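Since the structure comes first, as structure tokens, the remarks are kept for the end.
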Amino acid sequence: MTPTVVLPVIIGVLYAAGVYLLLDRSLTRVLLGFLLLGNATNLLLLSAGGPSGLAPILGYAEPEEMSDSLPQALILTAIVITFGIAAFVLAIIYRSWRLVRQEVIEVDEEDRRIARRSDTDADDIDPDDLAPEDRPAMHADTFAADNEVERSLARQYSGIASDDVDLPPTQRRKR
Amino acid sequence: MIRVLTPLPVLLPLLGAAAALLVGGRHPRIQRTLSVLVLSAVLTVSVVLLVLADADGADAISVGGWPVPLGVVLVVDRLSALMLVVAATVALGVLVFAVGQGAADGDEETPISIFHPTFLVLIAGVANAFLAGDLFNLYVGFEILLTASYVLLTLGGSAARIRAGITYIIVSLLSSILFLAAIGLVYAATGTVNMAQLAGRLAELPEGTQLLLQSMLLIAFSIKAAVFPLSAWLPDSYPTAPAPVTAVFAGLLTKVGVYAIIRTQTLLFPGGALDQVLMWAALATMVVGILGAVAQTDIRRILSFTLVSHIGYMVFGISLASTAGLAGAIFYVVHHIAIQTTLFLVAGLVERQGGSTGVDRLGGLATASPLLAILYFVPAMNLAGIPPFSGFIGKLGLLEAGIADGGWLPLVLVAGGAVTSLLTLLAISRVWSRAFWRPPAQAPEADTFDAAAADAGPDLAPGPLPDPADEEQPADEKEAAGRGAGTRAEARRAAWERHTAVATATTPVTDGLGEDDGRERPLRPLPRVMVASTAAMVVVTVGLTLVAGPLYGIAERAAADLRDRTPYVSAVFGGEEVP
Chain W
1 MTPTVVLPVI
11 IGVLYAAGVY
21 LLLDRSLTRV
31 LLGFLLLGNA
41 TNLLLLSAGG
51 PSGLAPILGY
61 AEPEEMSDSL
71 PQALILTAIV
81 ITFGIAAFVL
91 AIIYRSWRLV
101 RQEVIEVDEE
111 DRRIARRSDT
121 DADDIDPDDL
131 APEDRPAMHA
141 DTFAADNEVE
151 RSLARQYSGI
161 ASDDVDLPPT
171 QRRKR
Chain C
1 MIRVLTPLPV
11 LLPLLGAAAA
21 LLVGGRHPRI
31 QRTLSVLVLS
41 AVLTVSVVLL
51 VLADADGADA
61 ISVGGWPVPL
71 GVVLVVDRLS
81 ALMLVVAATV
91 ALGVLVFAVG
101 QGAADGDEET
111 PISIFHPTFL
121 VLIAGVANAF
131 LAGDLFNLYV
141 GFEILLTASY
151 VLLTLGGSAA
161 RIRAGITYII
171 VSLLSSILFL
181 AAIGLVYAAT
191 GTVNMAQLAG
201 RLAELPEGTQ
211 LLLQSMLLIA
221 FSIKAAVFPL
231 SAWLPDSYPT
241 APAPVTAVFA
251 GLLTKVGVYA
261 IIRTQTLLFP
271 GGALDQVLMW
281 AALATMVVGI
291 LGAVAQTDIR
301 RILSFTLVSH
311 IGYMVFGISL
321 ASTAGLAGAI
331 FYVVHHIAIQ
341 TTLFLVAGLV
351 ERQGGSTGVD
361 RLGGLATASP
371 LLAILYFVPA
381 MNLAGIPPFS
391 GFIGKLGLLE
401 AGIADGGWLP
411 LVLVAGGAVT
421 SLLTLLAISR
431 VWSRAFWRPP
441 AQAPEADTFD
451 AAAADAGPDL
461 APGPLPDPAD
471 EEQPADEKEA
481 AGRGAGTRAE
491 ARRAAWERHT
501 AVATATTPVT
511 DGLGEDDGRE
521 RPLRPLPRVM
531 VASTAAMVVV
541 TVGLTLVAGP
551 LYGIAERAAA
561 DLRDRTPYVS
571 AVFGGEEVP
């Protein structure tokens, strides 16, 4: 029995395609990539069993001619596990679609927020460094009374009377 | 005796899960009682196993009566029995906490009819991983616990949990595939997956092959154990889950990875080829993890980062490859499982009490709930390694082992470990001084507005919102504002909200981690069962200090067994010649 080059080549191609798909943002592609990787690994297990032989059934073949049955048992277990997890991931994809009408991995808001915080803590911010309208009420250097704040706001956002703006207060951010 | 009991920690939770699923949501009370009983039984069995394994040494059974190298082998030695006991203890504590939470919430957040069976399956997977005597069974154990953890992490299917869950699932899938591929290569090279047999056969392989197999296994396990640079998934996914789920994940799942690393480095590849690499990884894990914790403002995220950071201590102990180092690592694993679970449970209580886990939004918890403050303070000091507690003993053991090693790299790690310990104290005490100690009126609440600003994009960010109730008000006014009675303050705040609405064309949104109206909410009394189970866990962590002597003794004997390797191998083959 000669070793075949086909199996390693297929395994390699499957791994390459699987990794490529796994790196995608779209979850369906990620799932497909995972399936390819799983199949590649199963083939790897199969080829780990050595050269091919007859089916390992007692009475059907002599023990010397049989192929190794242990990797086949391992593969069956691995297939069942992959199958179950693929079903679960599909359910997650569906749920994600229901929730946000898209199935890509979102940006982590917390990460972005941490990255934005140059002044680390709100406690550490010196009120004197802020623009007058940003300073807390009753701050010692806040000579800007309410009407001054209103005026500076009016300058910044001319045409919009800050107290009369009537936006729905709990409108959710559009995704 | 030991042979009869060995399969029970796997079988009991699995059967219990089936029964709990059948009982279903129709009889929640029966379901709860059932799962608590099952876990109590597992705990009892595990304690008996530990006592027997410590007295008589390791033992093994081959499931289904297949001859040894072929069938599935379950092995109990001191290490696995010790891990089982700790795992069963924290699982029971967390389950009781979850029962208390479920009863208090009316099961809205955690659909309890699914929670209990899944939780039991998770414990079965953890137990299977600890007992597994061959690599493939270890893989199956991992898959059982991971699949259960996917369900638990995305429980309820809210947008935040799905987002966090996807990261976790994909990373876990990748590590599983890597592990399975490593098993395939190990089998191709040696013709067996039985770990006792591998212990002999792997040593005969060429050095390059050994190195490849070892590094593949270590990478797969390091992802699960969250060793830097493979740890980025952890702080991203753990904080969004329900409190009991996060607690059990933080305590157990990463430690299963650490356990697998211990087995790889002692039983399979005792040559110490990658010890240097592991030491650098341990150093990076400790330092990078704890710097992450210091930068965070959410209690659960802080705890997640300290979790990553302290994995570094365990990897350090393993990489020393000495009995003292391993003993320190084992003791630290036990300590850390208990302490991290407890702290996450406390974070769950804080969220209930304060309405948030963001330290910028919390305040005055020490006066509002002195009991909660004590429940946080004791394990927090333990985590930081303040002298009387077990955290100090574990760190001391590891640092002594590092100094005893004598090389320059271990000494660098000793220094890194000491710095990490101090920074842990900093991160932990910041939570204490903000969430618990300061008056509630001083909480700036800036976080949500920052978030809204950050979401709107870089050009429109208006800077943090000054809190109207903060800063230089006379004490009585401050108090009035704190109660939400300061009309002037409220008016200004409303104006500010309109201002940010104009400036960013958006309105503040809650970030899914908690509600931002924490201070306006009336204080709810904490459910008694939740407090009682958390208190019990705190007592357990303090108890670890009291029994530290005998515990360290077991850890040292386990480490000696691991270094020796013959107890494990002869337990599997029953003294026969290893084929």
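From first to last, the protein sequence lines stand for chains W and C.
Numbering follows the UniProt record's numbering, with no gaps: position 6 of the first sequence is 6.
Numbering follows the UniProt record's numbering, with no gaps: position 363 of the second sequence is 363.
The C-beta atom is built at its ideal place from N, Cα and C for all residues, glycine as well.
Owing to the predicted nature of the structure, the values given are computational and were not obtained by experimental measurement.
In the structure shown, C:I61 adopts extended strand secondary structure according to DSSP, grouped into three states. For C:L74, the enclosing beta strand (DSSP E) has its first and last residue at V72 to V76.
Cβ contact annotation for W:G38 (same chain, cutoff 6 Å, sequence separation greater than five): T82, in chain order.
Interface annotation for the stretch 70-82 of chain W against chain C: L70, P71, L74, T77, A78 and I81, criterion Cβ-Cβ distance under 8 Å. Taking a C-beta distance under 7 Å as the contact criterion, C:T192 and C:P67 do not qualify as a contact pair. In the structure shown, C:G358 falls within a strand segment according to DSSP collapsed to helix, strand and coil. When DSSP states are grouped into helix, strand and coil, W:S96 belongs to the helix group.
Straight across, the Cα-Cα distance linking C:V256 with C:P206 is about 29 Å. By the beta-carbon neighbour count (other beta carbons within 10 angstroms, threshold 16), C:H336 is buried. At a cut-off of 7 Å between C-beta atoms, C:Y187 counts as an interface residue with respect to chain W. Rounded to whole angstroms, the Cβ separation of C:M195 and C:G125 is 18 Å, and the two are not in contact under 8 Å. Only residues of its own chain outside the window of five on either side were considered, and among them P244, L345, M530 and S533 have a CB closer than 6 Å to the CB of C:F97, listed in chain order.
The Cβ atoms of C:A347 and C:T357 sit closer than 7 Å to each other. Within the stretch 18-66 of chain W, the complete alpha helix (DSSP H) runs of at least 4 residues fall at 27-48. Per DSSP, the unbroken alpha helix (DSSP H) holding C:P567 starts and ends at T566 to F573.
For C:L153, the enclosing alpha helix (DSSP H) stretches over residues L135 to L153.
Residue-level contact check: C:I311 does not touch chain W, since none of the beta carbons of chain W fall below 7 Å from its beta carbon. Secondary structure of C:A226 (DSSP, three-state): coil. At a cut-off of 7 Å between beta-carbon atoms, W:A55 makes no contact with chain C.
Looking at the DSSP output, C:N194 shares a beta bridge with C:D134.
Residues of chain W with a Cβ closer than 9 Å to the Cβ of C:T147 are, in chain order, I81, G84, I85 and F88. Beta-bridge partners assigned by DSSP to C:D298: C:G358. Within the same chain, I11 come within 8 Å of W:L44 by CB-CB distance, once the 5 residues on both sides are set aside.
Excluding the 5 residues flanking it on each side, W:R29 has same chain C-beta neighbours closer than 7 Å at L21, in chain order. Of all residues in the stretch 31-53 of chain W, the ones placed with a Cβ closer than 7 Å to any Cβ belonging to chain C are F34, L37, G38, T41, L44, L45 and A48, in chain order. Spatial neighbours of C:I428 in its own chain (CB-CB distance under 7 Å, excluding positions within 5 residues in sequence) are listed in chain order as A380, L383 and A384.
C:W408: member of the alpha helix (DSSP H) spanning W408 to V431, first to last residue.
Distance from W:I92 to C:I162 at the Cβ level is roughly 6 Å; contact confirmed, criterion being Cβ atoms closer than 8 Å. Rounded to whole angstroms, the gap between the alpha carbons of C:P13 and C:V42 is 8 Å. Exposure of C:R528 is indicated by the presence of fewer than 16 other C-beta atoms within 10 angstroms of its C-beta. The criterion of a C-beta distance shorter than 7 Å is not satisfied by C:F136 and C:S80. If you draw a 10 Å sphere on the C-beta of C:H116, you find 16 or more other C-beta atoms in it, and that means buried.
For the pair C:A555 and C:I262, the CB atoms are not nearer than the 7 Å cut-off.
In terms of Cβ geometry, C:S237 and C:T167 form a close pair [threshold 7 Å].
No Cβ of chain W is located within less than 7 Å of the beta carbon of C:I339. Following the DSSP letters along the chain, one finds C:S533 inside the alpha helix (DSSP H) bounded by residues R528 to L546.
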